[in-house]
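Data first, discussion second: the structure below is written as structure tokens.
There are 2 protein chains.
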Amino acid sequence: MNQDLQKERAAASFNPELLTHVLDGSPENTRRRREIENLILKDPDFQHEDLNFLSRSQRYEVAVRKSATMVEKMRKFNIADPAEIMWFKKLHLVNFVEPVGLNYSMFIPTLLNQGTTAQQEKWLLSSKGLEIIGTYAQTEMGHGTHLRGLETTATYDPETQEFILNSPTVTSIKWWPGGLGKTSNHAIVLAQLITQGKCYGLHAFIVPIREFGTHKPLPGITVGDIGPKFGYDEMDNGYLKMDNYRIPRENMLMKHAQVKPDGTYVKPLSNKLTYGTMVFIRSFLVGESARCLSKACTIAIRYSAVRHQSEITPGEPEPQILDYQTQQYKLFPLLATAYAFQFVGAYMKETYHRINEDISQGDLSELPELHALAAGLKAFTSWTTNTGIEACRMACGGHGYSHCSGLPNIYVNFTPTCTFEGENTVMMLQTARFLMKSYDQVHSGKLVCGMVSYLNDLPSQHIQPQQVAVWPTVVDINSPDSLTEAYKLRAARLVEIAAKNLQTEVIHRKSKEVAWNLTSVDLVQASEAHCHYVAVKLFSEKLLQIQEKSIQAVLRNLCLLYSLYGISRNAGDFLQGSIMTESQITQVNERIKELLTVIRPDAVALVDAFDFQDVTLGSVLGRYDGNVYENLFEWAKKSPLNKTEVHESYHKHLKSLQSKL
Amino acid sequence: MNQDLQKERAAASFNPELLTHVLDGSPENTRRRREIENLILKDPDFQHEDLNFLSRSQRYEVAVRKSATMVEKMRKFNIADPAEIMWFKKLHLVNFVEPVGLNYSMFIPTLLNQGTTAQQEKWLLSSKGLEIIGTYAQTEMGHGTHLRGLETTATYDPETQEFILNSPTVTSIKWWPGGLGKTSNHAIVLAQLITQGKCYGLHAFIVPIREFGTHKPLPGITVGDIGPKFGYDEMDNGYLKMDNYRIPRENMLMKHAQVKPDGTYVKPLSNKLTYGTMVFIRSFLVGESARCLSKACTIAIRYSAVRHQSEITPGEPEPQILDYQTQQYKLFPLLATAYAFQFVGAYMKETYHRINEDISQGDLSELPELHALAAGLKAFTSWTTNTGIEACRMACGGHGYSHCSGLPNIYVNFTPTCTFEGENTVMMLQTARFLMKSYDQVHSGKLVCGMVSYLNDLPSQHIQPQQVAVWPTVVDINSPDSLTEAYKLRAARLVEIAAKNLQTEVIHRKSKEVAWNLTSVDLVQASEAHCHYVAVKLFSEKLLQIQEKSIQAVLRNLCLLYSLYGISRNAGDFLQGSIMTESQITQVNERIKELLTVIRPDAVALVDAFDFQDVTLGSVLGRYDGNVYENLFEWAKKSPLNKTEVHESYHKHLKSLQSKL
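Listed in order, the protein sequences are those of chains A and B. Using the numbering used here, count along the first sequence one by one with no gaps and you end on 661. Using the numbering used here, count along the second sequence one by one with no gaps and you end on 1322.
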């Protein structure tokens, strides 16, 4: 064990194991999580060469092998509970994505949700056994966010009782589906359904794309890999072009809408329930943000405790870089943010399950707010995590640029989260739509409930935006509750400004849609402020649930730091609404510096509590034992460039060059 | 030509060619730059497969070949002027780094600056002809920023008149030098000189590391590649470990310090001049920031003009995404920043050359300010560019994640700029040291000149920080001069706050160094505000030099946007010092939205003016002709994963898997 880490751990004010229990939800959860993780850590079938040393094709091969092994082991170990599958995969999939993943995460669930019983009988067993390997093809080269713009067509031919699938333009080529490039032999394809000369919009079709046995593309199908990306090297994101490609009528998923043999279209009863999947995935991504930021903080903080550089006091040994105020200011607010997001993620998960229960009993009343919250928090947490991971990487100096740190892979595999499952700006605008609706509702005399209930308290809706939010308030910068109140006032003010600006534009331009576009910068800012308020609120409420004094104390400091740092970075918002005074902002800045010093002795224990097992980090810098330099040298020696064959080709060039000079 | 781009170009309010002349400095410069660029664009020797499709070893091979070709062609075309070499390399080295680059950029210049005439005679010719390929080995695994902490030793042995080089610890292994891993056969090594039992600090030594002919590491030398990194795939950054490795006395570079044959050490006269190289490189990096941000903006703005998505008004065709206010708000402030940095880069280059003239005539008076400015601006521009490139990438939606966009490579090859040649936070603190000295100088009654002369105007140094900067001022948000004034007040205020907090800490703690550390967050903020002021000032001054009305008008809008956006993002700073009022900040936010609309019709012409020739972008999304989708499909088909051999290995795994399920 590295002596610096030993010293840090000995000096901590609390037992990180107890905090791990808080994060996992219970000691029993911690125990079971570790048990499952150890199944992988100790299994030789999961050992393989460092992916960083492999070419993309090699990485893809390793990924297919690991994907296969994973399916097999989950059956063997009887891991079937969704949370347990998640634990298993998280550890297994470190810096890694699985080519057959979409078969389980999209193909099978869509079949279950949208397929008839007969359809499930036909395809479910073979897809569970990976005879059918399916993916989900929605996005096209020219169409992502705007689903109605998708161009792929499925035209019904009653003569043969088949659908004729076509990709009529280059922009209509299916683009991005994971596992489509090489791995899958089936895809659920979203296409515009045309029957009896009329287009009925998007419907889902089961489309065989490769031949069983040979795995060659079927006639009429053009399919392949879309090429190298920023991260996701192991994933064969693919393209799919269809030319008059015929599938039987039974391949349209017909649980809801139907096309009768004669071509008659039968409408679905309701579409509301498809909301559910989106909300689930976005809620899950909030937790992923928390996890990735926590991991980046673990690496950067452990390394900062081990790395010694420069001097604070001349003549003394080089200090740990964690002792520099600028380093603390880079890392501790991110650490506090990681904790905040852990609690936001847990809240979203609980809320999703609670509301899902209601839905299954026919109560959809809370769904709109949950939908708005999931969209906004997905964007809010993923944007913050995205910049946070890079800040952690750059806080590691030169070694942060090496793949030995593990940080570049965490970043490139995380950053798509800002775009997929709902582009972040689009998500923020969805949240804004809910905020505007709630604002209008209050304006028309009705109360709103849930996280937006602060809108009920707006003192007036008839004064100028800049005069809004002059509630008498004295913010106590040492009280999480009082800080939550300040964030609430900020959110209320920015929601009101956006609403008023929207009204002004409507008055000037008449078209609601143009007005919406011309207010969208304000709308995004209102949503961000709302989400920030939610995060601060959930963190401060979490403190009340913690019994153990030592744990409560450290979390309270993190909660204060998270809240105060946000105020300092957005001081204009808090000053403008007269929520805080100039001298209070000065106090906030001073208090932040004090908190850095207070948190410093607990920093390593706080990342230890995240409990990322050594191997999961894929990182020399972030190892639990902190023996950075020896391990770094051993790692580097294995670089493929150190193989002799490169010598020879180099020699050839060198000689040809020298001969010319 | 894509119709959208055609339409955009037809609608521009100015001729981009005239703006290109402004950026290049003159029409003649533009002509000559294009002439040189065309030498490469039309030369079949520089054509090669897309690097994105190659493994790292293959990329290294291509890089060596290109490096070699480049040296040869530069001689052939007689390109010797430093600026012309830069144009040549910029185009040639798109998303690309050259393994033999350090021979020319570090080995030869160091030999010229620090070697005696005899030493230059011995090594210069063979290194110019690449018989010797040299690199520069300073950084060690455990030591980067803190040069005095380097551990490598060179101990003089008068018996044999040799230096014995040693890497005494793992942390002392040389780490990172470019071209060291595979390419070089010599290195200039920085080591602690020990002679007659005494250590005299760091000195430079010419160290042969590989055998001529065989290119094998010499006995006593352990050398290799440090492994895969975030970007710089083509570069063999290396490690070097020396064990009792002997070199002749004459291999110490002895132009300044010397070791006599008997081991007597002779001190150098002055060390000040080594400042020059650092200032040169950092000034150059300011220009690199401008260039990389300009390129990222070019790609994102052209793509946003070509990409259609969703709807603003229902029923109408999908609009160009550049018509969304949120997209404009992401990209136009970055475009304005790119222009600001272009002018800052040009200023730094001019200033460096001017002061270099003075230095050569023995006048060092302006060097400290230039040194402080270069450090701060290197950090300020590279941090902003770093996040700006990623913002551009994410503004391109899904396709931004594909290497087809060119943006991931721009990012990974740019981001090291934040760390190398002076870690950015360390740089900001160097600038802060100069600001504090200047502040103290004013405090002691002396006037300061140059960019910090605003400190002369501080009304008082005896009042509280939060009351500082209450100069009467009415900011005119439509006047670049008035906005410059506002930035000046902000900088003055933050410098004063940092100085006062530093004084307070000194009073409480007694040690100046500890106080410095405990104020360093404030010090960095003061430096950032100073640099921001410099950028705004240079931009607004540039406007006065532009004769052509149409060009002046568009640049004026960009200058306003740059200045106002910075105020909006840092509203707290401007409110706190009473530099601006709450209602002015509201006006700033409204004015920004207006400017987005004003700049919109010129956006494509504004990036065209950067004049990145098509092929230089390495980007399908940013091509001048904007034929995105067809090109994207062609590009993707070439993905190595689409080769058949991958099919077969996949089959093997699939079958083994199916048999187990």
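Built from N, CA and C at the ideal position, the CB exists for glycine as well.
- Secondary structure at Val207(A): strand, using DSSP grouped into helix, strand and coil.
- When CB distances to chain B are screened at a threshold of 8 Å, the residues of the stretch 43 to 63 of chain A falling below it are Asn52, Phe53, Ser55, Arg56, Ser57, Tyr60 and Glu61, in chain order.
- Pro317(A) and Glu812(B) have their C-alpha atoms roughly 14 Å apart.
- Taking 8 Å as the CB threshold, Met394(A) lines the interface with chain B.
- The beta carbon of Thr110(A) lies closer than 8 Å to those of Tyr136, Ile188, Ala204 and Leu253 in the same chain, with the five residues before and after it left out.
- Your pair Asn570(A) and Val598(A) does not check out as a contact, with CB atoms roughly 23 Å apart and the cut at 8 Å.
- Per DSSP, reduced to three states, the secondary structure at Lys890(B) is strand.
- Residue-level contact check: Ala603(A) does not touch chain B, since none of the beta carbons of chain B fall below 8 Å from its beta carbon.
- Only exposed fits Ile507(A), as fewer than 16 other CB atoms lie within 10 angstroms of its CB.
- Among the residues facing chain A, Met802(B) is included, as its CB has a counterpart in that chain under 8 Å away.
- The straight-line gap separating the alpha-carbon atoms of Thr586(A) and Asp611(A) is approximately 36 Å.
- Interface annotation, Asp225(A): in contact with chain B, CB-CB separation under 8 Å.
- In the structure shown, the three-state DSSP call for Tyr985(B) is coil.
- Comparing C-alpha distances from Gly1083(B) to each of Ile1240(B), Gln988(B) and Ser1043(B) shows the shortest one belongs to Ser1043(B).
- Assigned with DSSP and collapsed to three states, Tyr1226(B) falls in helix.
- Cβ neighbours of Lys1203(B) within its own chain (closer than 6 Å, five residues either side excluded): Phe1004.
- Interface residue (Cβ-Cβ distance to chain B less than 8 Å): Ala290(A) is not classified as such.
- Taking a beta-carbon distance threshold of 8 Å, Lys1298(B) counts as an interface residue toward chain A.
- Contact annotation for Glu318(A) against chain B: His807 and Gly810 [CB-CB distance below 8 Å, chain order].
- Within the stretch 490 to 524 of chain A, complete alpha helix (DSSP H) segments of at least 4 residues are found at 512 to 518, given in chain order.
- Under the three-state reduction of DSSP output, His308(A) falls in the strand class.
- At a cut-off of 8 Å between beta carbons, Ile585(A) contacts chain B.
- When the beta-carbon positions are compared, Gly1059(B) and Gly144(A) come within less than 8 Å of each other.
- Contact annotation: in the stretch 563 to 585 of chain A, residues whose CB is within less than 7 Å of a CB in chain B are Ala571, Gly572, Leu575, Gln576, Glu582, Ser583 and Ile585.
- For Gly397(A), the chain B residues whose Cβ falls inside 8 Å of its Cβ are Gly805, Thr806, Thr1080 and Glu1084, in order along the chain.
- Residue range Glu1243 to Ile1260 is occupied by the alpha helix (DSSP H) that includes Asn1250(B).
- Using a CB distance below 8 Å, no part of the stretch 526 to 554 of chain A faces chain B.
- Those residues of the stretch 1172 to 1186 of chain B placed with their C-beta closer than 7 Å to a C-beta in chain A are Ser1172, Glu1174, Val1175, Asn1178, Leu1179, Ser1181, Val1182 and Val1185, ordered along the chain.
- For Glu505(A), the closest Cβ of chain B is not nearer than 8 Å.
- Of Thr691(B), His917(B), Met735(B) and Tyr1223(B), the smallest CA-CA separation from Asp704(B) is found for Met735(B).
- In this structure, Tyr1072(B) and Leu1282(B) do not form a Cβ contact; the two beta carbons are roughly 14 Å apart against a cut-off of 8 Å.
- Between the alpha carbons of Ile567(A) and Ile973(B) lies a distance of about 34 Å.
- For Asp818(B), there is no enclosing alpha helix (DSSP H); the enclosing beta strand (DSSP E) has its first and last residue at Thr814 to Asp818.
- Cβ-Cβ distances below 6 Å link Asp1269(B) to Pro677 in the same chain, with the five nearest sequence neighbours on each side left out; the list follows chain order.
- For Pro1069(B), the enclosing alpha helix (DSSP H) starts and ends at Leu1068 to Phe1075.
- For Gln658(A), the neighbours in chain B by C-beta distance under 8 Å run, in chain order, Gly790, Leu791 and Glu792.
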